[in-house]
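Take a look at the structure set out below.
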């Protein structure tokens, strides 16, 4: 069981979604 790998993947996805949301917000 590689829980750390899943946590890292979720963390990266969250950061990507956050940056994308910020980009959309500033563009709007």
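Residue numbers (this note's numbering): 16 to 43.
Beta carbons: idealized from backbone N, C-alpha and C, even for Gly.
Since the structure is predicted, the reported quantities are computational estimates derived from the model, not experimental observations.
Between the C-alpha atoms of residue i and residue j, what's the straight-line distance to the nearest angstrom?
| i | j | result |
| --- | --- | --- |
| residue 17 | residue 31 | 22 Å |
| residue 19 | residue 29 | 15 Å |
| residue 42 | residue 35 | 10 Å |
| residue 27 | residue 37 | 15 Å |
| residue 40 | residue 33 | 10 Å |
Alpha helix (DSSP H) containing residue i: first to last residue?
| i | result |
| --- | --- |
| residue 43 | Here residue 43 belongs to no alpha helix (DSSP H), and DSSP marks it neither H nor E. |
Quick one: grab the DSSP three-state call for residue i.
| i | result |
| --- | --- |
| residue 17 | coil |
Among the residues of its own chain, which have a CB less than 7 Å from the CB of residue i, if the five just before and after it don't count?
| i | result |
| --- | --- |
| residue 22 | none |
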